[in-house]
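Q: Under the numbering used here, the first residue of the sequence shown carries the number 2, and numbering increases by one thereafter. A virtual CB, placed ideally from N, CA and C, is assigned to each residue, including glycine. Before we start, here is the structure in question, set down as structure tokens.
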Amino acid sequence: MREFRAIEVKDKCVAWIRDFFEKNGKDCNCIIGISGGKDSSVVAALCVEALGKDRVIGVLMPNGEQSDIDVAEKLVEFLGITGITVNIGPVVQAVTQGVQPVLPEGLSNQATVNLPARIRMAVLYAISQSKNGRVANTCNLSEDWVGYSTRYGDSAGDFSPLSELTVAEVKQVGKAAGLPDEFIDKVPSDGLCGKSDEDNLGFSYEVLDRYIRTGEIEDSVVKEKIDRLHEKNLFKLQLMPKFAEERKG
Numbered sequence: 002m003r004e005f006r007a008i009e010v011k012d013k014c015v016a017w018i019r020d021f022f023e024k025n026g027k028d029c030n031c032i033i034g035i036s037g038g039k040d041s042s043v044v045a046a047l048c049v050e051a052l053g054k055d056r057v058i059g060v061l062m063p064n065g066e067q068s069d070i071d072v073a074e075k076l077v078e079f080l081g082i083t084g085i086t087v088n089i090g091p092v093v094q095a096v097t098q099g100v101q102p103v104l105p106e107g108l109s110n111q112a113t114v115n116l117p118a119r120i121r122m123a124v125l126y127a128i129s130q131s132k133n134g135r136v137a138n139t140c141n142l143s144e145d146w147v148g149y150s151t152r153y154g155d156s157a158g159d160f161s162p163l164s165e166l167t168v169a170e171v172k173q174v175g176k177a178a179g180l181p182d183e184f185i186d187k188v189p190s191d192g193l194c195g196k197s198d199e200d201n202l203g204f205s206y207e208v209l210d211r212y213i214r215t216g217e218i219e220d221s222v223v224k225e226k227i228d229r230l231h232e233k234n235l236f237k238l239q240l241m242p243k244f245a246e247e248r249k250g
């Protein structure tokens with residue numbers, strides 16, 4: 002496996018972000034949902050380096066009370082960016098209460114988990130359209146590989162700096178960008194269901210990252226699960242299928 006050169010990748014990503022905005026939103030602001038986790042922290046740091054702190058707006062979106070919201074607040078302060086807090090709790094509750102009565106079986110567990118992520122993305126675009134913005138996607142390759150994202154939720158956005166980088170690589174880029182360890186090594190969690198990402202997945206990102214980059218994995222059961230999740234969730238990374246009538250000239 003080739004050596005990962007974090008500083009070089011960081012510099013190239015910063016240049017790519019700058020070029021994206023030059024071509025797709027000159028003088029626009031970057032709008033990014035800030036959770037305090039490594040992905041949003043690294044994307045925010047890269048965007049600050051690319052555009053300057055005055056063009057990066059961090060949006061904190063707790064669902065009611067969020068125990069680790071202080072980490073997100075510290076990141077905003079550390080980077081010196083504008084921070085906006087929108088509590089999505091009342092909206093999630095209103096939508097849930099509005100839908101429940103029309104479904105005899107009620108909202109499924111999956112729908113309940115995914116709803117806040119989709120509401121968060123709606124908030125980001127509302128702010129983006131009001132602040133001359135472009136929305137940053139914060140998904141990484143490891144999450145995308147096994148479908149650990151919500152379609153039209155955190156998988157959405159206008160540009161995606163980390164989607165070709167594994168979790169381990171994102172951490173290295175974060176260190177190269179000068180982020181303190183507290184923003185990089187925070188246990189990954191969606192902040193919605195009360196469990197860590199690895200608890201939900203049933204395997205570690207270390208195992209997943211190694212499998213993605215080298216094809217090597219010792220546990221055949223975990224391999225089968227990763228392969229199944231990857232195949233099952235490929236549709237999330239593709240454009241929506243569309244019917245095209247064949248027309249003869």
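Nearest CA to the CA of residue 1: which residue from 68, 178 and 142?
A: The chain is shown from 2 up to 250; residue 1 falls before or after that span and cannot be answered.
Q: From residue 35 to residue 249, what does the alpha carbon distance come to, in whole angstroms?
A: 50 Å
Q: Is the beta carbon of residue 224 closer than 9 Å to that of residue 206?
A: Cβ distance not < 9 Å, so residue 206 and residue 224 don't count as in contact.
Q: Can you list the beta strand (DSSP E) stretches of 3 or more residues lying completely in the region 60 to 86, in chain order?
A: Runs of the beta strand (DSSP E) spanning 3 or more residues and lying entirely within the region 60 to 86 occur at 83 to 86, in chain order.
Q: Figure out for me which residue from 38, 49 and 228 has the closest Cα to the Cα of residue 67.
A: 38
Q: Residue 150 bridges to which residues according to DSSP?
A: Its beta-bridge partners do not exist; DSSP assigns none.
Q: Considering just the uninterrupted stretch of the alpha helix (DSSP H) at residue 14, what are its terminal residues?
A: 7 to 25
Q: Whose C-alpha, out of 182, 111 and 148, is nearest the C-alpha of residue 232?
A: For residue 232, the closest of 182, 111 and 148 by C-alpha to C-alpha distance is 148.
Q: For the region 149 to 158 against the region 110 to 127, do three or more pairs of beta-carbon atoms, one drawn from each stretch, fall closer than 8 Å, so that the two count as touching?
A: yes
Q: So if DSSP puts residue 137 in a beta bridge, which residue, or which two residues, is it bridged to?
A: 160
Q: Residues in the same chain with beta-carbon distance under 7 Å from residue 173, minus the five sequence neighbours each way, listed in chain order, please.
A: 5 and 7
Q: Can you tell me where the beta strand (DSSP E) holding residue 48 begins and where it ends?
A: First-last for residue 48: 39 to 52, but that is the alpha helix (DSSP H), not the beta strand (DSSP E).
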